[in-house]
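Trainee: Structure in structure tokens, see below.
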């Protein structure tokens, strides 16, 4: 369920880009991000860096589109924004996955030495995926002969690889280091 709430704004944005304007798509995605923040707050959980940052990112892109330049490279802007949020969370020593993981495991598990490291690795996978998606969109902008599906294929592969890795890595650490299953975050 958690992974669904994390990815819902991006899925809605992607779907809406097919059927409506870019401005409507990013504002709807921002609203969904704010709804996920409200759900977290209503259930007594912390406000997540990714959800709050994405809400701001989508709203800022929407305002830019509406007020200044409707030709902005939307997909590239969103991917760069995700990359900045993900990398930024690691640079401030709070990988965005850590917030989700801490809320899903007991306190003694979160205090284990490998717990923080595992979250850096998983956040790193998402950062790499965002970078690959941004690079694919950038190449698509500057190499006009490339088919649109090539960028979509890279985005699909990068995102799904990050999802798979998020599910696989905790199991791998459990097998390799004998860490209890509840000791590591999962992508419920």
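In our numbering, the protein residues as written are 1030 to 1217.
Where a beta carbon is used, it is the ideal one built from N, C-alpha and C, also for glycine.
Please read these numbers as outputs of a predicted model, since none were measured by experiment.
Classify residue 1172 as helix, strand or coil using the three-state DSSP reduction.
Mentor: Taking the first residue of the chain shown as position 1, residue 1172 is located at position 143. Note: residue 1172 maps to coil in three-state DSSP.
Trainee: Look at residue 1107 and residue 1183 and say whether their C-beta atoms are less than 9 Å apart.
Mentor: If you number the chain shown from 1, residue 1107 lands on position 78. If you number the chain shown from 1, residue 1183 lands on position 154. The answer is no: Cβ separation not under 9 Å.
Trainee: Whose C-beta lies closer than 8 Å to the C-beta of residue 1114 among residues of the same chain, with five residues either side of it excluded?
Mentor: On the chain shown, residue 1114 is found 85 positions in, with the first residue counted as 1. The answer, listed in chain order, is 1078, 1079, 1082, 1083, 1086 and 1125.
Trainee: Among the residues of its own chain, which have a CB less than 7 Å from the CB of residue 1035, if the five just before and after it don't count?
Mentor: Indexing the chain shown from 1 puts residue 1035 at position 6. 1079.
Trainee: Check for me: the alpha helix (DSSP H) holding residue 1202 runs from which residue to which?
Mentor: As a position in the chain shown, residue 1202 is number 173, starting the count at 1. Run containing residue 1202: 1177–1206, per the alpha helix (DSSP H) assignment.
Trainee: Which first and last residues belong to the alpha helix (DSSP H) in which residue 1077 is found?
Mentor: In the chain shown, residue 1077 corresponds to position 48, counting from 1. Looking at the DSSP string, residue 1077 is not in any alpha helix (DSSP H), and its letter there is neither H nor E.
Trainee: Enumerate in chain order the residues of its own chain whose CB-to-CB distance from residue 1105 is below 7 Å, with the five nearest sequence positions on each side excluded.
Mentor: Translated into positions along the chain shown, residue 1105 becomes position 76. Once the five neighbours on either side are set aside, the close Cβ partners of residue 1105 are 1163, 1166, 1167 and 1170.
Trainee: Can you round the beta-carbon distance between residue 1039 and residue 1057 to whole angstroms, since I take them to be within the 8 Å contact cut?
Mentor: By one-based count along the chain shown, residue 1039 stands at place 10. By one-based count along the chain shown, residue 1057 stands at place 28. The Cβ separation is near 11 Å, so there is no contact.
Trainee: With a threshold of 16 other CB atoms inside 10 Å of the CB of residue 1075, please say whether the residue is buried or exposed.
Mentor: The sequence position of residue 1075 within the chain shown is 46, counting from 1. Exposed: under 16 other Cβ atoms inside 10 Å.
Trainee: Check the C-beta distance from residue 1120 over to residue 1148 and give it rounded, since I have them as a contact under 8 Å.
Mentor: The count along the chain shown starts at 1 and reaches residue 1120 at position 91. The count along the chain shown starts at 1 and reaches residue 1148 at position 119. No, residue 1120 and residue 1148 are not in contact; Cβ-Cβ is about 14 Å, not under 8 Å.
Trainee: Please state if the CB of residue 1206 and the CB of residue 1143 are separated by a distance shorter than 9 Å.
Mentor: One-based indexing of the chain shown puts residue 1143 at position 114. One-based indexing of the chain shown puts residue 1206 at position 177. Yes; because the gap between Cβ atoms is below 9 Å, this pair is in contact.
Trainee: Can you grab the Cα-Cα spacing for the pair residue 1197 / residue 1158, in whole Å?
Mentor: Sequence index remark: in the chain shown, residue 1197 carries index 168 (1-based). Sequence index remark: in the chain shown, residue 1158 carries index 129 (1-based). Roughly 16 Å separates the two Cα atoms.
Trainee: Residue 1118: buried (16+ other C-beta within 10 angstroms of its C-beta) or exposed?
Mentor: Taking the chain shown and counting its residues from 1, the one referred to as residue 1118 is at position 89. Buried, since its Cβ has 16 or more Cβ neighbours within 10 Å.
Trainee: Any chance the CB of residue 1111 is under 8 Å from a heavy atom of the ligand MN?
Mentor: As for the ligand MN, it is missing from this structure, which has no ligand bound.
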